[in-house]
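Reviewing the structure listed below.
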Amino acid sequence: MSADFRFRGNDNKRPKSTFYEFVTLCAEAIFSRLRHLIFPLQEAPRTSSIVIAFLLCLHFISPGSAWAAAPRALPDPDRLRYAPLSFDPPLAERIVLANGLVVYLLEDRELPLLKITAVIRTGSVYDPPGQEGLAELTATMMETGGIAGLTGDAVDETLESMAALLQTSVHRDYGTFSLSLLRNDLEKGLELFSRILRQPAFEQDKLTLAKGLKIEELRRIGDDPQKLAFREFGRIIYKDSPWGSVASRGSITRLQREDLIRCHELFYNPENVMIAVSGDIGREEAQILLNRYFGTWKSTEMKAPPLPPPPLPRAGGIFFLPKEIPQAICLFGWLAPSKRDVQFYPFEILDFIVGSGGFRSRLFQEIRTNRGLAYSTGSFYRARKEHGLLGAYALTKPESVLEVISLIQGIIREVGAKPVPPGELAMAKKAIINSFIFSFTSADQIAIQQLLLKYNDLPDDFLASCRGKIDNVNADAIRKAAGLHLDPERAVVLIIGNEAVYRDIAKRFDRVLKIEGGHD
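If you want the numbering used here, it's the 1-based position in the sequence shown plus 4.
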């Protein structure tokens, strides 16, 4: 039998089909047999055969009915086959201004918008002892503390009138200033942006406010156990190295306006700055405007210090920070290969397999899925110019800390002792390679990425060759990299928890060092 449920024409007649007529006849026959049983003492109501047919159809196709169609099985996503992804991001143009300042330009005419980002060779690793927080406070004051001839409030009002967005950030080994604005305000915005970088005023009242806000931020770190854990973890694993520098209430209190002026003179000059420009602008116009507002920027006689050497590996140990919290936090860490090391690629895959790969990672599967010991667990790999850091973490209930420590140690030990199974390796490679495209979703990202290659002295083809080198990593390379760098017995372990947690780990391990995580 064939069935056709489509309505044809503009008449009001019911659709004609063999299936429809069959259901209708069956419904009328059944109803005629039942009507006198249901309504024995009165005339049964007249019921439209269409309604009856509809009700019967609902019954027969309902999920509980034997006549219901079986759901179509979805294909296994791991068995899907498709053409290899091809992604070749455009190259930013390199422009050198009259004073030697390097600019990376990527034209994008899709919208009348532009973004200008300056990357500065500064950061917390350059902060002098006793002046931790200097680089960050200097950048904050450049953003809020006014410029020559214009107060900080006036700068904010000018930016607001243009619907422009100014953002700053300072990391361990670099800082960024970025300005997003409309094409119509390009010249006005560039002039203001150049003065922020070149002529900050460091208003005293704004400095007092900025210091107070930073001190309050430091005081409140203790209210966020996770933020406290990662802050203290960095200080422990980078002990006696500028890479572990963190601001304190005392260091911020000691900073004065003269310190910020000197920091600006030392780091903010064409020798230490690179600029990325993306958006609705061409090379010729960009070169003219950038030379107009940045080409006359002169370097000072003061020379910025070189990047501090990479931290030295330290002996492993267990450190305990007492805090009355409902969950305990466990953090493991090892120094790892840098971005310029050939083992960078095995470590990218290793990190994915161990913990950064989400639901399929070993930490997540074993600690959360199989045993239900943690809501949050995973790993991270941070590769810098001269060194890297790999960490593993878990947030768990106090009585599960010892079991979680043992599980993390076992997972790390296994990845250094046994080759990764082919299926797991293929899955990790595919995920990393396919996610690579999301690092280049805008012209701004592409220009910045190419700028940072030069900033970090990486090869020009680093980005272009990255996917191929990831794909060429074999299981033996991962095992060797883990065995060389990730000795579970030499891990730096930080645990934050209550006194009951401390008693448990003190019974289990020979030496547990208590620390304090204050902001003073």
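Note that CB positions come from ideal geometry on N, CA and C, so glycine has one too.
Quiz prompt | Identity of the residue in Leu201, Ala332, Glu418 nearest Met278 by Cα | solution = Walking along the sequence shown from the start, residue 278 turns up at place 274. Here the closest residue by C-alpha is Leu201.
Exercise. Could you check how far apart the C-beta atoms of Ala451 and Leu110 are, in whole angstroms? I think they sit under 8 Å.
Key: Looking up residue 451 in the sequence shown gives position 447. Looking up residue 110 in the sequence shown gives position 106. Yes, they are in contact, since the Cβ atoms of Ala451 and Leu110 sit about 4 Å apart, within 8 Å.
Practice problem: Excluding the 5 residues preceding and the 5 following Leu462 in the sequence, name in chain order all residues of the same chain whose CB lies nearer than 7 Å to its CB. | Solution: What you label residue 462 is simply residue 458 of the sequence shown in a count that begins at 1. Within the same chain, Leu462 has close Cβ partners Lys343, Arg344.
Quiz prompt | Whether Val346 touches Ile415 by CB criterion (8 Å) | solution = For the purposes of this step, residue 346 is taken as the residue at position 342 of the sequence shown. For the purposes of this step, residue 415 is taken as the residue at position 411 of the sequence shown. Judged by their CB atoms, Val346 and Ile415 are not nearer to each other than the 8 Å cut-off.
Quiz item: Ordered along the chain, which non-local residues of its own chain (more than five positions away) have a Cβ less than 6 Å from that of Leu45?
Solution: For the purposes of this step, residue 45 is identified with residue 41 of the sequence shown, where counting begins at 1. For Leu45, the predicted structure reports a pLDDT of 40, less than 50, and the residue's modelled location is therefore unreliable. The matter cannot be settled from this model.
Quiz item: Arg261 CB to nearest chain D CB: under 8 Å?
Solution: Chain labels in this structure do not include chain D; a single protein chain is all it has.
Practice problem: Measure the beta-carbon distance from Lys210 to Thr148 and round it to whole angstroms, keeping in mind my assumption that it falls under 8 Å. | Solution: To locate residue 210, count along the sequence shown from 1; it is residue 206. To locate residue 148, count along the sequence shown from 1; it is residue 144. With 8 Å as the limit, Lys210 and Thr148 qualify as a contact, their Cβ atoms being about 5 Å apart.
Quiz item: Mapping DSSP to helix, strand and coil, what is Phe206?
Solution: One-based indexing of the sequence shown puts residue 206 at position 202. Looking at Phe206 - three-state DSSP - the assignment turns out to be coil, as it is neither helix nor strand.
Practice problem: For Ala70, I'd like the list of residues in its chain whose CB is within less than 6 Å of its CB, leaving aside the five on either flank, ordered along the chain. | Solution: Looking up residue 70 in the sequence shown gives position 66. Here the model assigns Ala70 a pLDDT of 49, short of 50, so the residue's position is not dependable, and the following value carries that caveat. Sequence-distant Cβ neighbours of Ala70 in its own chain, meaning closer than 6 Å and more than five residues away, do not exist here.
Practice problem: Note down the Cα distance separating Phe197 from Val174, rounded to an integer number of angstroms. | Solution: Locating residue 197 in the sequence shown gives position 193, counting from the first residue. Locating residue 174 in the sequence shown gives position 170, counting from the first residue. Answer to the nearest angstrom: the Cα atoms are 17 Å apart.
Quiz prompt | Proximal residues to Val408 (C-beta, below 7 Å), its chain only, five neighbours per side dropped | solution = By one-based count along the sequence shown, residue 408 stands at place 404. Residues Cys334, Ile371, Leu377, Ala378, Ala398, Thr400 of the same chain have their beta carbon placed closer than 7 Å to that of Val408, with the five preceding and five following residues left out of the count.
Quiz item: How should Asn273 be labelled, buried or exposed, when 16 other C-beta atoms within 10 angstroms of its C-beta is the threshold for buried?
Solution: For the purposes of this step, residue 273 is identified with residue 269 of the sequence shown, where counting begins at 1. Buried: at least 16 other Cβ atoms inside 10 Å.
Quiz item: Closer than 7 Å: is that where the CB of Gly501 sits relative to any heavy atom of the ligand PLP?
Solution: The ligand content of the structure shown is nil, which means the ligand PLP is not present either.
Quiz item: Per the contact definition of three or more C-beta pairs closer than 8 Å, is the stretch 128-142 in contact with the stretch 241-260?
Solution: In the pairwise beta carbon analysis, the stretch 241-260 is classified as touching the stretch 128-142: at least three pairs are separated by under 8 Å.
Quiz item: Where Ile436 and Ala430 are concerned, what is the direct C-alpha to C-alpha distance, given to the nearest angstrom?
Solution: Walking along the sequence shown from the start, residue 436 turns up at place 432. Walking along the sequence shown from the start, residue 430 turns up at place 426. C-alpha separation (whole angstroms): 10 Å.
Practice problem: Determine the DSSP secondary structure at Ala167, reduced to helix, strand or coil. | Solution: Taking the sequence shown and counting its residues from 1, the one referred to as residue 167 is at position 163. Ala167 falls in the coil class under three-state DSSP.
Practice problem: Please report how far the alpha carbon of Ser446 lies from the alpha carbon of Tyr459, in whole angstroms. | Solution: For the purposes of this step, residue 446 is taken as residue 442 along the sequence shown, with counting starting at 1. For the purposes of this step, residue 459 is taken as residue 455 along the sequence shown, with counting starting at 1. Rounded to the nearest angstrom, the gap between the Cα atoms of Ser446 and Tyr459 is 20 Å.
Quiz item: DSSP state of Arg85, grouped into three classes?
Solution: As a first step, residue 85 must be located in the sequence shown, where it is residue number 81. Residue state, collapsed to three classes: coil.
Self-check item: Whether Ile329 touches Ile120 by CB criterion (8 Å)
Solution: The count along the sequence shown starts at 1 and reaches residue 329 at position 325. The count along the sequence shown starts at 1 and reaches residue 120 at position 116. Cβ atoms of Ile329 and Ile120: not closer than 8 Å.
Quiz item: Does the distance from the C-beta atom of Ala152 to that of Gln208 stay below 8 Å?
Solution: As a working mapping, residue 152 is identified with position 148 in the sequence shown. As a working mapping, residue 208 is identified with position 204 in the sequence shown. If you check the CB distance, Ala152 and Gln208 do not come in under 8 Å.
Quiz item: Between Lys215 and the rest of its own chain, which residues show a CB-CB distance below 8 Å, the 5 nearest in sequence each way excluded?
Solution: As a position in the sequence shown, residue 215 is number 211, starting the count at 1. Contacts found: Leu141, Ile256, Thr257, Leu259.
Practice problem: Report yes or no: do the stretch 296-312 and the stretch 162-169 share at least 3 C-beta pairs separated by less than 8 Å? | Solution: When Cβ pairs closer than 8 Å are counted between the two stretches, the stretch 296-312 is seen not to touch the stretch 162-169, the count staying below three.
Exercise. For Ser443, count neighbouring C-beta atoms within 10 Å of its own C-beta (all shown protein chains included) and say buried if the count is 16 or more, exposed if not.
Key: For this step, residue 443 is matched to residue 439 along the sequence shown. So Ser443 counts as exposed.
Quiz item: Applying the criterion that 16 or more other CB atoms from any shown protein chain within 10 Å of the CB defines a buried residue, is Val505 buried or exposed?
Solution: Position 501 of the sequence shown, counted from the start, is the residue given in the question as residue 505. Buried.
Quiz item: Buried or exposed: where does Ser410 fall if 16 or more other Cβ atoms within 10 Å of its Cβ makes it buried?
Solution: Translated into positions along the sequence shown, residue 410 becomes position 406. By the neighbour-count rule (16 or more Cβ atoms within 10 Å), Ser410 is not buried but exposed.
Quiz item: So what's Thr300 in DSSP terms, helix, strand or just coil?
Solution: The residue given as residue 300 occupies position 296 in the sequence shown. When DSSP states are grouped into helix, strand and coil, Thr300 belongs to the coil group.
Quiz item: According to DSSP, is Glu390 helix, strand or coil?
Solution: Locating residue 390 in the sequence shown gives position 386, counting from the first residue. Three-state DSSP puts Glu390 in coil, outside helix and strand.
Exercise. Indicate the three-state DSSP secondary structure (helix, strand or coil) for Gly487 in the structure shown.
Key: As a first step, residue 487 is located in the sequence shown; it is residue number 483 there, counting from the start. Assigned with DSSP and collapsed to three states, Gly487 falls in helix.
Self-check item: DSSP-derived helix/strand/coil call for Ser4
Solution: The chain is shown from 5 up to 524; residue 4 falls before or after that span and cannot be answered.
Quiz item: How big is the Cα-Cα spacing for Arg199 and Ile292?
Solution: Position 195 of the sequence shown, counting from 1, holds the residue named residue 199. Position 288 of the sequence shown, counting from 1, holds the residue named residue 292. Their backbone Cα atoms lie some 17 Å apart in a straight line.
Quiz item: Between Ile54 and Asn374, what straight-line distance do the alpha-carbon atoms span, to the nearest angstrom?
Solution: In the sequence shown, residue 54 corresponds to position 50, counting from 1. In the sequence shown, residue 374 corresponds to position 370, counting from 1. Only weak support exists for where Ile54 lies, its pLDDT of 49 falling under 50; the value from the coordinates is given anyway. Distance between the alpha carbons of Ile54 and Asn374: 53 Å.
Self-check item: Rounded distance between the beta-carbons of Leu367 and Ile412, thought under 8 Å
Solution: As a first step, residue 412 is located in the sequence shown; it is residue number 408 there, counting from the start. As a first step, residue 367 is located in the sequence shown; it is residue number 363 there, counting from the start. Under the criterion of beta carbons closer than 8 Å, Ile412 and Leu367 qualify as touching, at roughly 7 Å.
Quiz item: Going straight from the alpha carbon of Val159 to that of Ala167, what length do you get?
Solution: Stepping through the sequence shown from its first residue, residue 159 is reached at position 155. Stepping through the sequence shown from its first residue, residue 167 is reached at position 163. Rounded to the nearest whole angstrom, the CA to CA distance from Val159 to Ala167 is 12 Å.
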